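The structure under discussion appears below in the form of structure tokens.
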Amino acid sequence: MSKFKEKLAEKIPSYRERVTRLAKEYGDVVIDQVKMSQMYGGMRGIKCLTTDISYLDPEEGIRFRGYTIPECLAKLPKKAGAEMPYVEGHFYLLLTGDIPTESDIKDVVDDFAKRSKVPKYVFDMLRAMHKDTHPMTMFNAAVLALQKESEFVPKYNAGMSKMDYWDPFFEDSMNLLAKLPEIAAFIYRYKYKGDTAIDPDPSLDFGANFAHMMGIKSPYDEISRLYFLLHSDHESGNVSAHTTHLVASALSDPYYALSAGLDGLAGPLHGLANQEVLRWIQGVMDKMGNELPTMEDLKKFVWDTLKSGQVIPGYGHAVLRKTDPRYTAQREFALKHLPDDKIFKLVSMLYEVVPPILVEQGKAKNPWPNVDAHSGVIQWHYGVTEYDFYTVMFGVGRAIGVLSNIIWDRAVGQALERPKSLTIDMLEKIAGIK
Ligand code: AMX
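Next comes the structure, spelled out in structure tokens:
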């Protein structure tokens, strides 16, 4: 057993004990009530999920295992000379709750390297798909195609204790995560660079290897590390995390569960928003003859978008009520590395223009930018202008968080998820409508 897995195994019994105690001894304690408006409002705010991996405070933003984004960036170990922490170290933190040492990280880096070989049938399948297939469909299909590799399935079929489910979930998740950077980079170079895949370099860490396989020079390795870290987890209720958790609760293995979660990430109100942001920004630039608009022109463009019944992509959030710290972290990177980039300047102008307009319009509960308002501009700067691809990178990052979550779901014995539904007749009766 690797030191990493041993560490996790050490942590599980005390968490299991706490969860069993809460569920058994305090099983009747009321946590929340459900309102009619929440049943028809996407279940916003209902406290009915549990995770220790991240917590989203509406005002402060995400904390990973109790650490804010600036704290993670400062405390997690970095490769000598690197600006951003190892993705492997962040994964270690999410899974164990501890900030890793250099040697802990080496353990994970080496483990990933051993598991990273992508079987040829995955590439064959991707090449057999229609060239116009959305890269997110290709990515999700690749994850699903790998399902035959699941170690959970044969162990489950052979009969195993519920207490041990987490072990093959861990193995499947590690095997899957190790392969995602190569699958994602392959899709990029297959679709947009004339099928010129670049072989992985096993001596590189997760973020740097992805940058290498994309064929993009430093500091793209730094932005890859940052990007995967920032997109990893956002509590349990968002569509990708919740879907992965739900599907895994049926004891569908991590391949099935992640592929389902990624399907949710592909929606325009969720992960696809970063592609929408760039598409929308290009619309502004096209209209302005590729020049920066004036503030007045930009205000008009924003109002025109709203008046045509569309949302402003990259703004608003179901939980957050301030500027997303994931936006801020990317803005700080951009201020340092690409302050004169034209699209970055436009994104900065939007930061001034959009919030007051959304407030004036009075619909959005949160007028501030979310992570997606910034992700695309940095990718564009480093030459990744094929914005259909952005959600795939979001997916690589999100996999780190959602897979950590389903390993822990099995570790603490989370049950099959099965909420109850009511009919309109029943609700009208409850409401006292005659
Ligand atoms: N532009 C215009 N209108 C917006 C808006 C925006 N950016 N954000 C919210 N609104 C509107 C909603 O459409 C809704 O209108 P309705 O009453 O006519 O249906 C109203 O404001 C209230 O919505 P809300 O409670 O503030 O937001 P929500 O929880 O229902 O939805 C989100 C949250 C993110 C889907 C929404 O803000 C949105 O559509 N934003 C643009 C798309 C986007 O950036 N998505 C990415 C989110 C982050 C992620 O998952 N990657």
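Count along the sequence shown starting at 1, add 4, and that's the number in the working numbering. Virtual Cβ for every residue (Gly too), placed ideally from N, Cα, C. On a predicted model such as this, the values are computed, not experimentally measured, just so you know.
Residue range of the unbroken alpha helix (DSSP H) whose run includes residue i
i, result
"residue 57", "Where residue 57 is concerned, there is no enclosing alpha helix (DSSP H), given that its DSSP letter is neither H nor E."
"residue 248", "243-253"
"residue 120", "Looking at the DSSP string, residue 120 is not in any alpha helix (DSSP H), and its letter there is neither H nor E."
"residue 160", "156-162"
"residue 341", "329-341"
"residue 290", "277-291"
"residue 347", "346-365"
"residue 80", "Per DSSP, residue 80 belongs to no alpha helix (DSSP H) and is neither H nor E."
"residue 261", "258-269"
"residue 421", "From DSSP, residue 421 is part of no alpha helix (DSSP H); its letter is neither H nor E."
"residue 240", "Per DSSP, residue 240 belongs to no alpha helix (DSSP H) and is neither H nor E."
"residue 19", "7-29"
"residue 429", "428-435"
Simplified DSSP state of residue i, which is helix, strand or coil
i, result
"residue 61", "strand"
"residue 395", "helix"
"residue 71", "strand"
"residue 50", "coil"
"residue 103", "coil"
"residue 191", "helix"
"residue 66", "strand"
"residue 39", "coil"
"residue 311", "helix"
"residue 139", "helix"
"residue 295", "coil"
"residue 44", "coil"
"residue 87", "coil"
"residue 111", "helix"
"residue 34", "coil"
"residue 274", "coil"
"residue 129", "helix"
"residue 94", "helix"
"residue 368", "coil"
"residue 414", "helix"
"residue 134", "coil"
"residue 148", "helix"
"residue 203", "coil"
"residue 231", "helix"
"residue 196", "helix"
"residue 390", "coil"
Closer than 7 Å: residue i CB and nearest the ligand AMX heavy atom
i, result
"residue 317", "yes"
"residue 3", "Since the displayed the chain opens at 5 and closes at 438, residue 3 lies outside it and no answer follows."
"residue 85", "no"
"residue 265", "no"
"residue 111", "no"
"residue 375", "yes"
"residue 283", "no"
"residue 246", "no"
"residue 184", "no"
"residue 277", "yes"
"residue 322", "yes"
"residue 144", "no"
"residue 370", "yes"
"residue 67", "no"
"residue 274", "yes"
"residue 208", "no"
"residue 48", "yes"
"residue 409", "no"
"residue 60", "no"
"residue 242", "yes"
"residue 354", "no"
"residue 302", "no"
"residue 180", "no"
Paired residues, beta bridge with residue i - DSSP
i, result
"residue 373", "319"
"residue 220", "Paired residue(s): none; residue 220 is not in a bridge."
Nonlocal neighbours in the same chain, by C-beta distance under 6 Å from residue i, ignoring five residues either side
i, result
"residue 247", "264, 265, 268"
"residue 76", "68"
"residue 444", "Residue 444 lies beyond the residue range present for the chain, which begins at 5 and ends at 438; the question has no answer from this structure."
"residue 104", "93, 96"
"residue 404", "95, 236"
Close-in-space but distant-in-sequence residues of the same chain around residue i (CB under 8 Å, 5 per side omitted)
i, result
"residue 131", "194, 199"
"residue 51", "35, 36"
"residue 402", "235, 236, 237, 244, 245, 265, 266, 269, 275"
Contacting residues, own chain, Cβ-Cβ under 7 Å from residue i (five flanking each side not counted)
i, result
"residue 346", "296"
"residue 331", "373, 374, 375, 377, 378"
"residue 254", "420"
"residue 173", "156, 258, 410, 411, 414"
"residue 383", "394"
"residue 166", "417"
"residue 225", "211, 212, 215"
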